[in-house]
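Chains as they are written, first to last, in the numbering used here: chain A, 5 to 247; chain B, 486 to 782. Glycine included, each C-beta is placed from N, C-alpha and C at the ideal position. Accompanying notes for the structure given below.
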Amino acid sequence: MRWRYAMANIVQFEDVGLRYPNSDGETLSGVHFTLVSGGFYFLTGASGAGKTSLLKLLYLAQRPTSGTIRLFGENAGTLPRERLPGFRRRIGVVFQDFRLVPHLSVYDNIALPLRLTGVPEGDIDAPVREMLDWVGLSPRGPATPPTLSGGEQQRVAIARAVIGRPDILVADEPTGNVDPDMAARLLHLFESLNRLGTTVVVATHDFHLLGRIQNAHMMRLESGRLMDPTGALRNPPPMRAPA
Amino acid sequence: MSAGVVAGAADRRILDERGGTRAMTWIMAIMLLLTVLAAALGLGMVNAADTLDRQLAGRLTVQIVTADPVQRDRDTTAVMAALARMPAVRRATPVDRARLDELLKPWLGDTSSDAAVPIPTLIDVDMSVPSEESAMLVAKGVRTAAASARVDSQSRWLSPVASFMRTMIAGAAALVLLMAAATTAVVLLAARAGLETHRDTIAILHMLGSTDVQVARLFQRRIALDTVIGGAIGTVAAMIAVWAITRQMSGLGSELVGGAVLSQGDWLILAALPLLFAGVATLAARIAVLRRLRRVQ
């Protein structure tokens, strides 16, 4: 929330290119866009278009091979290693493959971001239980991820991503393993978080989701290039007035 | 995964340690068992060498070496009188002839008690001021009193024993250092293996904003705990063994062997070894993990 009015452009990609070692060509090339603080963005594109690679750049798992990425006003491509954790704590990530810690309980997985930031143990229980309730997994707190269904793991991953109230939430196919009702509920959760000021970027194949969020922007990747037919990504609209 | 050095049970759960922990604990127990035994040997030798030094320093043996028994008695009287006048001499005691016969019996048989066999008279001299200069003055005075007198410093003929003890002390110290180096190597290997085993968990932690120091802390705490627990087991076992050996040594009745018994301070040093090793292991784990993590994105 602190960034909503303090900073208009939370993410800026300037002619960003990404080439993996030993690959034939660039996975992403000339990607240029701006994400406004508090915006809601859908990233679409066919499989292999580069959606996951773009998200990796966004959550600092990958550095670009060309171009500049500005995150929270700083050049993310040249950030020293010791400053990466501080940036990553401001970005919540829902991975396509969930990436839950298999030997930790659902409760401990969700609590992990709070423990990483040094939240006292006594202050962890309430938000974790709230998250468990939010994603409908209250009775599953003591269970470990391998005993959960794909959809349940997805929800744990979402709860873990949002518990720290990140400035940006990046979700890679977050509704891929849940039924339509749960997909609608999760999207509603993202929208609620967005209303609190979090910038949300959701990569999805599911075109049914796209119309469900009012004022959401659409980013479409085709063969590693970003399509911006309306120009809204290159020239974002003026910042919204404080609520 | 709090910022503090000591964390709660939640932090300890982050690394799945089923299986590996017990092995590391027992390895540390064995390492510390051997280290404490080596250290106890070294400390015992230091004590024995001190005892030997105290016993030999300032002790001389005067021999009156002449075949003529009358002359021998005369020289003995002269030497005793000269020694009595010397301020550097605390006490001079001629060795009893019966005691000499007993000492020589294994070599000479019953003939040693034969008056015809020229056995030198021996005088044990205790110096009041044990020093090289005093010993030289006494030797000079003794030779002036009787030309047939020879003076031996006891430390000279016991020098091979002292040299052996010094070698043993150096060997024990080298063993302790080697064990510390081996422990460090084991910890480095364990830390690297742990990083490989927990690679996925560490990647998740990094993505959630964990610092390298936080990850390193998980490993160093685990290894410190293994070292302290294993070390305590090994140290207690070694101390029981050392205690049993020193009890047997005390019963031998030898001044030299009895001198090797450990003091209260020595026991405290042995008890501190697992803590020292835990410190070394913790530091080694931290360095190893941080170095490895720096190579990761």
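DSSP three-state assignment for residue i, whether helix, strand or coil
i, result
"methionine 612(B)", "strand"
"methionine 231(A)", "strand"
"serine 638(B)", "strand"
"methionine 653(B)", "helix"
"histidine 192(A)", "helix"
"tyrosine 111(A)", "helix"
"phenylalanine 76(A)", "coil"
"asparagine 532(B)", "helix"
"histidine 36(A)", "strand"
"glycine 250(A)", "For chain A, the structure presents residues 5 to 247; residue 250(A) sits outside this window and is missing."
"glutamate 226(A)", "strand"
"serine 57(A)", "helix"
"glycine 49(A)", "strand"
"alanine 577(B)", "strand"
"asparagine 13(A)", "strand"
"arginine 780(B)", "coil"
"aspartate 560(B)", "helix"
"leucine 22(A)", "strand"
"leucine 64(A)", "coil"
"glutamine 548(B)", "strand"
Close Cβ partners of residue i (< 8 Å) along its chain, the five nearest in sequence each way excluded
i, result
"serine 109(A)", "Gly145, Pro146, Ala147 and Thr148"
"phenylalanine 762(B)", "Met513, Met516, Leu517, Thr520, Ala665, Thr668, Thr712 and Gly716"
"methionine 743(B)", "In the sequence on display, residue 743(B) carries glycine and not methionine. For glycine 743(B), where only same-chain residues beyond five positions count, the Cβ hits under 8 Å are Thr536, Met734, Ser735 and Leu737."
Contacts around residue i, its chain only, beta-carbon distance under 6 Å, and the 5 residues preceding and following it disregarded
i, result
"glycine 180(A)", "none"
"proline 84(A)", "none"
"glycine 543(B)", "Met612 and Pro615"
"aspartate 637(B)", "Thr546"
"leucine 119(A)", "The residue you asked about is not leucine; residue 119(A) is arginine in the sequence shown. Taken in chain order, the list of residues that qualify is empty."
"alanine 688(B)", "none"
"arginine 2(A)", "As shown, chain A starts at 5 and ends at 247. That puts residue 2(A) outside it, with no answer to give."
"asparagine 198(A)", "Phe44 and Val204"
"alanine 723(B)", "Leu518, Val521 and Leu522"
Counted within 10 angstroms of its Cβ, other Cβ atoms place residue i as buried (16 or more) or exposed
i, result
"alanine 247(A)", "Confidence at alanine 247(A) is low in this model, with a pLDDT of 42, below 50, so the placement of that residue should be treated as unreliable; the coordinate-derived value is given next. Exposed, since its Cβ has fewer than 16 Cβ neighbours within 10 Å."
"glutamine 66(A)", "buried"
"proline 25(A)", "exposed"
"serine 33(A)", "buried"
"glutamine 699(B)", "buried"
"lysine 625(B)", "exposed"
"valine 727(B)", "buried"
"serine 735(B)", "exposed"
"tyrosine 134(A)", "Strictly speaking, residue 134(A) in this sequence is glutamate, with tyrosine absent from that position. With fewer than 16 other Cβ atoms within 10 Å, it is exposed."
"alanine 80(A)", "buried"
"isoleucine 714(B)", "buried"
"alanine 620(B)", "buried"
"threonine 645(B)", "This sequence places proline at residue 645(B); threonine is not what is there. The residue in question, proline 645(B), is exposed, as its Cβ has fewer than 16 Cβ neighbours within 10 Å."
"arginine 6(A)", "Note on arginine 6(A): pLDDT 44, under 50, position unreliable in the model; no value is reported."
"glycine 694(B)", "buried"
"threonine 208(A)", "buried"
"threonine 767(B)", "buried"
"arginine 707(B)", "buried"
"serine 648(B)", "exposed"
"proline 554(B)", "exposed"
Neighbourhood of residue i by C-beta distance below 7 Å, restricted to the same chain and skipping five residues each side
i, result
"arginine 777(B)", "Arg677 and Leu680"
"arginine 576(B)", "Asp611"
"glycine 49(A)", "Lys55, Arg224, Leu225 and Glu226"
"isoleucine 549(B)", "Arg557, Asp560, Thr561, Val564, Pro605, Thr606, Ala631, Ser633 and Ala634"
"glutamate 18(A)", "His36, Gly71 and Thr72"
"glycine 43(A)", "Thr203 and His221"
"glutamate 30(A)", "Gly21, Leu22, Arg23 and Gly228"
"leucine 58(A)", "Leu32, Val35, Leu47 and Leu225"
Beta-carbon proximity check, residue i vs residue j, cutoff 8 Å
i, j, result
"methionine 650(B)", "methionine 530(B)", "yes"
"isoleucine 95(A)", "valine 35(A)", "no"
"leucine 37(A)", "leucine 230(A)", "Looking at the sequence shown, residue 37(A) is not leucine but phenylalanine. Yes, Cβ-Cβ distance for phenylalanine 37(A) and leucine 230(A) is below 8 Å."
"leucine 193(A)", "tryptophan 138(A)", "yes"
"arginine 159(A)", "methionine 692(B)", "no"
"isoleucine 172(A)", "threonine 202(A)", "yes"
"aspartate 697(B)", "arginine 779(B)", "yes"
"glycine 126(A)", "proline 68(A)", "no"
"glutamate 572(B)", "isoleucine 608(B)", "First, the amino acid is wrong: residue 572(B) is proline here, not glutamate. In this structure, isoleucine 608(B) does not lie closer than 8 Å to proline 572(B) by Cβ."
"proline 117(A)", "arginine 87(A)", "no"
"alanine 161(A)", "phenylalanine 99(A)", "yes"
"glycine 168(A)", "threonine 121(A)", "yes"
"threonine 720(B)", "proline 759(B)", "yes"
Cβ-heavy atom distance, residue i to the ligand NAP, below 7 Å
i, result
"arginine 144(A)", "Ligands in the displayed structure: none, and consequently the ligand NAP is not present."
Under 9 Å, CB to CB, which of the residues in the region 65-90 of chain A have a partner in chain B? Ala65, Gln66, Arg67, Arg85, Glu86, Leu88, Pro89 and Gly90
Give me the subset of the region 158-173 of chain A whose CB atoms are less than 7 Å from a CB atom of chain B, sorted by chain position. none
For the region 666-695 of chain B, enumerate the residues whose C-beta is nearer than 9 Å to any C-beta of chain A, in chain order. Asp685, Thr686, Ala688, Ile689, Leu690, His691, Met692, Leu693, Gly694 and Ser695
Taking only beta carbons into account, state which residues of the region 727-755 of chain B come closer than 8 Å to chain A, listed in chain order. none
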